[in-house]
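Take the sequence shown: its position 114, counting from 1, is numbered 121 in the working numbering, and each next residue is one higher. Below: one structure, written as structure tokens.
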Amino acid sequence: MSSSVPGAEWHAKTLRAWQLAILRFAVTLDNADGLAVLAIASELDRLGPQQDGTPGFSFFRRTSAELCAAVLQPNELAAVVLRQYLARIDDHRLKRAFTATVEADRPKGSSVSELFKRDRGLWRGLSSGGNRPL
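Next comes the structure, spelled out in structure tokens:
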């Protein structure tokens, strides 16, 4: 049983490196950082089950490609992909950092018309008379 601990520890460290690489890519948006994410993902996928000598496990590569695309091109589908990824992160500090990184790039969603609706009472009580001399 002790012989499986180093393998499990290596896998945990590699998974953590993958998550940190995704965070780094989200911060820098650099192509080299995206390639680093995919390299770590390929390494993690190699640990998966293999059939007939061909690697059939591609969860991390597929997920990495989806995450990188979601970070680069924010839309409704990207938001779903990012929320799913955030739900999988166990480390609260990493989760907060990733959330802050991807939320900083997103528009807050409040339009000018929403601001006017919210502050409708601001002008209440003032006369609507046009140009009167002071």
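Glycine included, every Cβ here is placed at the ideal spot set by N, Cα and C. Every value quoted in this text rests on a predicted model; they were computed, and no experiment measured them.
Would you tell me roughly how many angstroms separate the C-alpha atoms of residue i and residue j, rounded to the nearest one?
i: L74; j: V88; result: 7 Å
i: R31; j: R95; result: 17 Å
i: R103; j: L84; result: 21 Å
i: T81; j: R69; result: Correcting the residue type first, residue 81 is Pro in the shown sequence and not Thr. Taking the straight line joining both Cα atoms gives about 18 Å.
i: R53; j: E110; result: 32 Å
i: R100; j: A86; result: 20 Å
i: E121; j: Q91; result: Note that E121 scores a pLDDT of 47, beneath 50, so its modelled location is shaky; the value from the coordinates is reported in the next line. Cα to Cα, the separation comes out at about 29 Å.
Please name the residue, chosen from the options, that lies closest to residue i on a Cα-to-Cα basis.
i: T108; options: A77, E83 and T21; result: A77
i: F105; options: A33, L54 and T70; result: A33
Ordered along the chain, which non-local residues of its own chain (more than five positions away) have a Cβ less than 6 Å from that of residue i?
i: A43; result: A28
Who are the near neighbours of residue i in its chain, counting only those whose CB is closer than 7 Å to its CB and skipping five residues on each side?
i: L22; result: L51
Counting along the chain, where does the alpha helix (DSSP H) carrying residue i start and finish?
i: S65; result: It is not in any alpha helix (DSSP H) - S65 carries neither H nor E in the DSSP assignment.
i: N38; result: N38 to D52
What whole-angstrom Cβ distance do residue i and residue j have, given they're in contact under 8 Å?
i: A46; j: F67; result: Not really, about 11 Å apart at Cβ, beyond 8 Å.
i: L36; j: L79; result: 7 Å
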